[in-house]
Ligand SMILES: Cc1cc2nc3c(=O)[nH]c(=O)nc-3n(C[C@H](O)[C@H](O)[C@H](O)COP(=O)(O)O)c2cc1C
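Residue numbers (our numbering): 34 to 233.
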């Protein structure tokens, strides 16, 4: 079957993207507004943008009212954020932080997640995250203005935090991280079953 995005609604095209690009890693992003309101939310349109300089990117889409989400607005204002990897143990707390709550609700408190001060950015980070990347905004690439339009946020990493027992010789222990991926809808994948292919 061949489908043309031009003949589909944005919602139909969205389903074809999230169903075929799986599993997606999840950026759990903390940010803060200029008047100090803290925010935490998950985003699975997420990847490494560059290793040198170290840059990460994720994509907070406009919502169905064509309005920016709190995370995007905070980063437009404050130009800093922290990206945490999501472990299986975080699944339920992470899910709570995607609820559509008022901008003045601190999702750390709402989802009962402990926060600590970051080192080089203003937004706090999750104390028990296995891995966290503090980022300063490099640029936002606006890819449209409609509902579900992309707003690619690219940040340069200024500090990396790894749980002491999850790192050895700069290698992060995949079992300790126990990361999860986003499938379509409400499904998630685990990373506990892996395969190894040695290079010739
Ligand atoms: C696992 C997961 C991944 C998500 N990925 C995205 C995404 O890539 N882009 C997006 O705009 N929303 C995504 N969402 C929805 C946002 O998390 C949700 O709209 C959230 O309320 C935004 O919070 P904010 O308004 O506080 O920024 C995702 C939700 C979940 C649970």
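A virtual CB, placed ideally from N, CA and C, is assigned to each residue, including glycine. These numbers come from a predicted model, not from an experiment.
| Item | Value |
| --- | --- |
| For ligand 1, is there any heavy atom lying closer than 8 angstroms to the beta carbon of residue 173? | no |
| Would you call the region 197–209 and the region 146–155 touching, i.e. three or more CB-CB distances under 8 angstroms? | no |
| Please return the same chain residues whose Cβ sits closer than 8 angstroms to the Cβ of residue 209, not counting the five positions on each side in sequence. | 163, 196, 198 and 199 |
| Kindly give me the distance between the Cβ atoms of residue 141 and residue 73, rounded to whole angstroms, as I take these residues to be in contact under 8 angstroms. | 6 angstroms |
| Using a threshold of 8 angstroms, is the CB atom of residue 59 nearer than that to any non-hydrogen atom of ligand 1? | yes |
| Look at residue 83 and residue 60 and say whether their C-beta atoms are less than 9 angstroms apart. | no |
| State the start and end residues of the unbroken alpha helix (DSSP H) segment that holds residue 69. | From DSSP, residue 69 is part of no alpha helix (DSSP H); its letter is neither H nor E. |
| Could you give the residue range of the alpha helix (DSSP H) that holds residue 54? | No alpha helix (DSSP H) contains residue 54, which DSSP labels as neither H nor E. |
| Going straight from the alpha carbon of residue 40 to that of residue 52, what length do you get? | 18 angstroms |
| Alpha carbon to alpha carbon, what distance is there between residue 56 and residue 216? | 5 angstroms |
| Taking only heavy atoms of ligand 1 into account, decide whether any of them is closer than 8 angstroms to the Cβ of residue 40. | no |
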